[in-house]
Ligand SMILES: NC(=O)c1ccc[n+]([C@@H]2O[C@H](COP(=O)([O-])OP(=O)(O)OC[C@H]3O[C@@H](n4cnc5c(N)ncnc54)[C@H](OP(=O)(O)O)[C@@H]3O)[C@@H](O)[C@H]2O)c1
């Protein structure tokens, strides 16, 4: 029987909104002990299952692991408040979209290691994807972080930040794209006379059932589509529309390109903010 993984003591969540709480929910449902962890968020609004405080001064002993879960635009401000509480033993795990390792290092020069993690909201139900990348985590730390993130879903280490960004573009933002697809399927059902309640349940269950079936059997999507579409049948007529000029592929590629461009802009903004902060310090 495998043991429940343990978080480094203490672990701090710096910021705990949508994504921080999704991770907390996943860890709680995996039975991970959060009794020594602390959430620091300005509102002090309680996060179920974790001691929550409104300031670093109330957080208790200095952290061994920090999960940085604020908006990228807040990095410079939060880093300035957080730095005095960090020792050279603290490992920083940043969830900040688009903010590169080099930029994080300028904000946290003393940290033992800097790791970027890109989760998606599925971590709350332990079916997430959490890409990991680091330039300075050693094998022992990689193993430790794999052990604590694996209960949240698929947690691969990526070779470089380019590949990490690619996983983020597909999986980090992916739940939003899948949500739109389910809505579009719902609207199509409504246009055929179904009530919203029935159409949305059917759309959701169809996406869930298809994904679950493929995830549990390993069947590829081309084969799933072939099994539904009999030659010259109704599904084949529908697929011919979706497949015409690879319109669906092109649409998703364009959406992901736009998200990647925005990721590049956020990285540049974070770099400029950190250069400005450096200039103020010097
Ligand atoms: N949402 C996603 O699906 C997703 C996916 C991948 C990565 N991410 C990344 O995860 C990060 C968080 O995103 P989110 O969607 O969870 O944002 P969010 O819901 O807006 O949460 C942001 C958190 O930051 C806290 N905060 C603001 N100023 C702070 C300060 N000075 N010190 C400490 N905490 C502070 C807020 O506290 P209060 O609650 O008290 O206001 C809030 O808890 C972002 O960097 C994003 O790029 C998000």
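Numbering (the working numbering), first residue to last: 82 to 363.
Just so it is clear, CB atoms sit at the ideal spot from N, CA and C, and this is done for glycine as well.
From a predicted model like this one, the values you see are computed outputs, not experimental measurements.
- Excluding sequence positions up to five before and after residue 114, its CB lies within less than 8 Å of the CB of 85, 87 and 88, all in the same chain and listed in chain order.
- Pairing residue 150 with residue 96 gives a Cβ-Cβ distance under 9 Å.
- Judged by DSSP secondary structure, residue 243 falls within the alpha helix (DSSP H) whose first and last residues are 242-248.
- In the structure shown, the three-state DSSP call for residue 207 is coil.
- At a cut-off of 8 Å, the beta-carbon of residue 155 counts as near ligand 1: some heavy atom of the ligand is closer than that.
- When distances are taken from the beta-carbon of residue 124 to the heavy atoms of ligand 1, the shortest one is below 8 Å.
- When Cβ pairs closer than 8 Å are counted between the two stretches, the segment 139-147 is seen not to touch the segment 301-321, the count staying below three.
- CA-to-CA, the gap between residue 112 and residue 319 works out to about 45 Å.
- DSSP places residue 100 outside any beta strand (DSSP E); the residue lies instead in the alpha helix (DSSP H), whose first and last residues are 99-110.
- In the DSSP annotation of this structure, the continuous segment of the beta strand (DSSP E) that includes residue 172 starts and ends at 172-175.
- Between the C-alpha atoms of residue 323 and residue 275 there is a straight-line separation of about 22 Å.
- With 16 or more other Cβ atoms from the protein chains shown falling within 10 Å of its own Cβ, residue 102 counts as buried.
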